[in-house]
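Position 148 of the sequence shown, counting from 1, maps to 1559 under our numbering, and the rest follow consecutively.
Ideal placement from N, C-alpha and C gives every residue a C-beta, glycine not left out.
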Amino acid sequence: MGTPHNNAGTGDFGKTVLMPGDPLRAKFIAENFLTEAKLVNNVRGVQGYTGSYNGVRVSVMASGMGMPSIGIYSHELFHFFGVENIIRVGSAGAISPKLALRDVVFGQAACTDSNYAHQFGLSGHFAPIADYTLLETAVRTAREMGIEPAVGNLLSSDVFYNKAGDTMKWGEMGVLAIEMESAALYCNAAESGRRALTICTVSDSLVTGKELPPEDRQTGFTQMMEIALKTAAVMDGTRL
């Protein structure tokens, strides 16, 4: 089995894969939350691991940065490795004044300035949304942990350094935060008939100008990681 970007074998991945952007965050999750974690893919250093969480087989693999990158990895996981659920666990920049640093945000939907969905040959504009079962399970899990997540729209942008300077206009439309991957992930899940959800931690705010240091982005987002892992464990027993 294996693809140009993934040298794992058939059955090497669990039913649910957590996807941080950073390979070091994938390694951190595997080493700190999974038991008997095994490296199953390291093509281009993305670091994919499979182990056990609360007795449930779960995987974690990096997606890289941006929609083209997560588009490749999520497509291959859904189509070639039998993965049913992908939960993106990443950082996001707040564009809503309602959010503070370290707040946990669930992407109910993903606006985008990308043309990623053009490939599907649709005659209109596709609205990328999260899977409701995953979202509902994650919200319930967070509340059981005493965490009240922000749930709403994300903006998946193709650019990090936006020369147009119009990012905050999305915030005026109620969009909560900006990141760079979710729209492509949600499109791929829809096309493959699988499930996807983004859980982000606010790492910086375009409203206040405050930001967290890089080391916090790599290892400090433990609430988000635990929510995703507990959601994965619940989904392992879900048969729809």
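Proximal residues to residue i (C-beta, below 6 Å), its chain only, five neighbours per side dropped
i: ALA1639; result: LEU1429, ILE1498, VAL1500 and ILE1610
i: ALA1448; result: ALA1441, TYR1460 and GLY1462
i: LEU1450; result: TYR1460
i: SER1616; result: ALA1505
i: ASN1393; result: Here the chain covers residues 1412 to 1651 and nothing more, so residue 1393 does not appear.
i: PRO1560; result: VAL1515, PHE1517 and ALA1553
Collapsed DSSP secondary structure at residue i in the structure displayed
i: ASN1443; result: helix
i: GLY1504; result: strand
i: LYS1574; result: coil
i: LEU1652; result: The question about residue 1652 has no answer, for the chain in this structure spans 1412 to 1651.
i: LEU1651; result: Because LEU1651 carries a pLDDT of 35, less than 50, the predicted location of this residue cannot be relied on, and no value is offered for it.
i: ALA1588; result: strand
i: THR1421; result: coil
i: VAL1550; result: helix
i: LEU1510; result: coil
Strand pairing of residue i, partner residues [DSSP]
i: MET1472; result: GLY1459
i: ARG1606; result: ASN1496
i: ALA1521; result: LEU1565
i: ASN1599; result: DSSP output for ASN1599 lists no bridge partner at all.
i: ILE1638; result: Bridge partners of ILE1638: none, in fact.
i: THR1427; result: ASN1496
i: SER1616; result: ALA1505
i: LYS1449; result: THR1461
i: ILE1481; result: According to DSSP, which records beta bridges pairwise, ILE1481 is partnered with nothing at all.
Closest by C-alpha distance to residue i, when choosing among the options
i: GLN1519; options: VAL1562, LEU1435 and GLY1576; result: VAL1562
i: SER1593; options: ARG1468, SER1480, LEU1623 and PHE1632; result: SER1480
i: MET1636; options: ALA1595, GLY1482, TYR1464 and TYR1484; result: TYR1464
i: HIS1536; options: CYS1598, VAL1618 and VAL1645; result: CYS1598
i: THR1552; options: MET1646, LYS1438, LEU1445 and LEU1450; result: MET1646
i: TYR1543; options: LYS1509, TRP1581, ARG1513 and ARG1605; result: ARG1605
i: GLY1504; options: PRO1434, LEU1566 and ALA1595; result: LEU1566
i: CYS1522; options: PRO1539, SER1616 and MET1476; result: PRO1539
i: LEU1533; options: GLU1626, LYS1438, GLU1602 and LEU1623; result: GLU1602
i: PHE1632; options: SER1502, GLU1487 and ALA1595; result: SER1502
i: GLU1487; options: LEU1623, PRO1625 and LEU1596; result: LEU1596
Contacts around residue i, its chain only, beta-carbon distance under 7 Å, and the 5 residues preceding and following it disregarded
i: ARG1650; result: Any reading at ARG1650 is ruled out, since the residue's pLDDT is 38, under 50, leaving its predicted position unreliable.
i: ASP1524; result: SER1568 and ASP1569
i: LYS1574; result: none
i: PRO1434; result: GLY1456, VAL1457, GLN1458 and ALA1473
i: LYS1438; result: GLN1458
i: ARG1513; result: THR1612 and VAL1613
Integer-rounded CB distance, given that residue j should sit under 8 Å from residue i
i: TYR1484; j: SER1474; result: 5 Å
i: THR1612; j: VAL1515; result: 6 Å
i: ILE1506; j: THR1619; result: No, ILE1506 and THR1619 are not in contact; Cβ-Cβ is about 11 Å, not under 8 Å.
i: LYS1426; j: ASN1526; result: About 31 Å separates the two Cβ atoms, so there is no contact after all.
i: MET1591; j: GLY1477; result: 5 Å
Proximal residues to residue i (C-beta, below 8 Å), its chain only, five neighbours per side dropped
i: GLU1446; result: One detail in the question is off: residue 1446 reads as Thr in this sequence, not Glu. Excluding residues within five positions, the ones whose Cβ falls inside 8 Å are GLY1462, SER1463 and TYR1464.
i: VAL1586; result: ILE1506, SER1507, CYS1522, GLY1563, ASN1564, LEU1565 and LEU1566
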